[in-house]
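Number of protein chains: 2
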Amino acid sequence: MNIVSLDFEGVLIPEIWVGVARKTGIEELKRTTRDEPDYRKLMEFRMDILRRNNLRLSDIQDVISTLSPLEGAADFLYEVESLAEVVILSDTFVEFARPLLEKLGYPFMLCNSLIVDDDGFIKDIVMRQEDGKRKAVEAFRSLNCRVFSSGDSYNDLSMIDAADVGVLFRPPENIVKERPDLKVFVDYPSFLEEIRRFVG
Amino acid sequence: MNIVSLDFEGVLIPEIWVGVARKTGIEELKRTTRDEPDYRKLMEFRMDILRRNNLRLSDIQDVISTLSPLEGAADFLYEVESLAEVVILSDTFVEFARPLLEKLGYPFMLCNSLIVDDDGFIKDIVMRQEDGKRKAVEAFRSLNCRVFSSGDSYNDLSMIDAADVGVLFRPPENIVKERPDLKVFVDYPSFLEEIRRFVG
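Chains as they are written, first to last, in the numbering used here: chain A, 320 to 519; chain B, 320 to 519.
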């Protein structure tokens with residue numbers, strides 16, 4: 320069996336926090352894993368900003384529900400699903416992801432979750448496990464599946480390296496420079512061709 | 320994260336081989352895992368019958384493409400997908416499953432595959448791994464997911480037992496008698512309620 324594991328943000332949907340930053344006008348929320356590879360540090364930074372700006376989880380969910388998948392993403396995903404099993408491996412949170420997953424026909428996703436306090440503010444994050452993307456890829460390989468992995472960020476590199484085939488999709492320049500060994504795709508048609516080659 | 324793992328045949332789609340038996344008029348093809356728990360033996364029996372009746376993989380695929388999901392299955396699946404991550408764990412073969420998966424919006428599925436000879440006859444089966452349903456459930460639990468499992472047949476019992484919560488859906492009488500410890504559901508609305516309880 321062939322499995323295609325894809326990062327969510329930057330591959331199928333826009334960066335959620337960039338969208339939130341834009342809608343709320345809070346520039347600091349534009350910081351992503353592309354800038355700060357330590358995800359817990361990044362999330363603590365974000366939670367602190369939200370609280371200081373009096374933004375509850377429901378406010379963020381309202382913003383997220385106005386976001387759309389990237390242009391062409393739904394058709395691309397459907398094509399991939401016709402070729403192989405698809406799993407989205409993301410470091411985002413189920414509480415954020417569901418409205419966007421619905422717009423993509425509910426692909427299978429493994430990600431993290433949030434803890435919310437009594438006032439509705441995000442209090443903490445629950446990381447499903449350390450280096451969860453890599454461990455998911457390893458688990459699928461242990462089930463005798465062949466795995467293709469792709470993402471755009473630092474937090475995708477370990478799952479890309481753990482897969483049978485791993486490539487970058489629309490990565491920033493610094494990752495391209497650091498990992499000249501990885502193929503880079505920037506549009507869905509050529510990315511789909513690479514997946515077709517993997518499926519064989 | 321909550322994962323709902325479902326058997327395919329008998330839970331979301333009709334028994335493929337029963338449908339093939341009906342369309343081809345070959346009564347012996349109605350034998351299922353409900354009758355013969357040893358899946359490899361059952362498949363060798365089926366492959367032998369197909370060859371003796373001059374039926375190639377493409378003939379079987381033609382029959383399968385005329386089958387539909389069980390009544391209410393697509394809506395049920397969509398509801399479950401809105402609550403949790405869904406994985407179909409089946410002992411069928413990707414070559415058979417794809418036309419039916421398409422009719423259900425391509426849920427994520429782990430199953431087996433076929434080897435076809437130069438003349439287009441099914442030559443052998445490739446079981447992804449021994450007791451693959453149970454191992455898949457165990458793998459998801461090792462990724463810190465909570466797993467709900469359900470199926471109707473002997474080959475589902477190990478995954479039902481390996482899950483956090485496991486129930487039977489539309490099982491035959493012999494399994495109900497052998498496993499009085501397992502809850503039994505026969506319609507989608509009550510089954511969905513049980514899944515809602517699991518998700519919490």
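We treat Cβ as the ideally placed atom computed from N, Cα and C, and that holds for glycine.
Within 8 Å, strictly: CB atoms of residue i and residue j
i       : j       : result
N369(A) : I441(A) : It is worth fixing the name first, because residue 369(A) is Leu in this sequence and not Asn. Contact flag set, yes.
L331(B) : L396(B) : yes
D475(A) : K502(A) : no
L408(B) : S324(B) : yes
D500(B) : F488(B) : no
E483(B) : R465(B) : Note that residue 483(B) is Asp in the sequence shown here, rather than Glu. Going by C-beta atoms, D483(B) is nearer than 8 Å to R465(B).
V399(A) : L511(A) : yes
V495(A) : E513(A) : no
V382(B) : V337(B) : no
G424(B) : G391(A) : no
Three-state class that DSSP yields for residue i in the structure shown
i       : result
G451(A) : helix
E390(B) : coil
S472(B) : coil
F427(B) : strand
R465(B) : strand
E334(A) : coil
V521(A) : Because chain A is modelled from 320 through 519, residue 521(A) falls outside the range shown and cannot be assessed.
L501(B) : coil
N317(A) : Residue 317(A) lies beyond the range of chain A shown here (320 to 519); nothing can be said about it.
E404(A) : strand
K422(B) : coil
S377(B) : helix
T352(B) : coil
F415(B) : helix
D443(A) : strand
I479(B) : helix
F364(B) : helix
F488(A) : strand
I434(B) : strand
S509(B) : helix
I345(B) : coil
Contacting residues, own chain, Cβ-Cβ under 8 Å from residue i (five flanking each side not counted)
i       : result
T411(A) : F327, E328, I335, C430 and N431
R359(A) : I444 and M446
E497(B) : none
G439(A) : R375, L376 and S377
N372(B) : T343 and I345
Q380(B) : E414, F415 and P418
F504(B) : S469, V486, L487, F488, R489, F510 and E513
D437(A) : none
Neighbourhood of residue i by C-beta, 6 Å cutoff - its chain only, sequence neighbours within 5 removed
i       : result
A458(A) : none
L419(B) : I332
Y473(A) : T352 and P356
M320(A) : C464
S477(B) : D450 and R453
Proximal chain D residues relative to residue i, where beta-carbon distance stays under 8 Å
i       : result
E404(A) : You won't find chain D in this structure, because its protein chains are A and B.
Supposed contact pair residue j and residue i - C-beta distance, whole angstroms, cut 8 Å
i       : j       : result
P426(B) : V405(B) : 5 Å
L374(A) : L433(A) : Not confirmed; about 13 Å, so no contact.
P388(A) : K422(A) : 6 Å
S469(B) : V456(B) : Wrong, their Cβ atoms sit about 11 Å apart, outside the cutoff.
Sequence-distant residues of the same chain with beta carbon closer than 7 Å to residue i, five excluded per side
i       : result
Q448(A) : K454
M362(A) : I444
Y507(A) : G391 and F395
V518(A) : N321, L402 and A403
R365(A) : W336 and L348
R515(A) : L402
R460(A) : V466
Discussion item. Under 8 Å, CB to CB, which of the residues in the region 450-473 of chain B have a partner in chain A?
Written reply: G451, K454, A455, A458, F459, S461, L462, N463 and C464
Item to complete: Using a Cβ-Cβ cut-off of less than 9 Å, give me the residues of the region 406-436 of chain B that come near chain A, in sequence order.
Response: V406, V413, R417, L420, E421, G424, Y425, P426, F427, M428, L429, C430, N431 and S432
Worksheet item: Along the region 390-404 of chain A, what residues have a CB closer than 8 Å to any CB found in chain B?
Response: Y397, E400, S401 and E404
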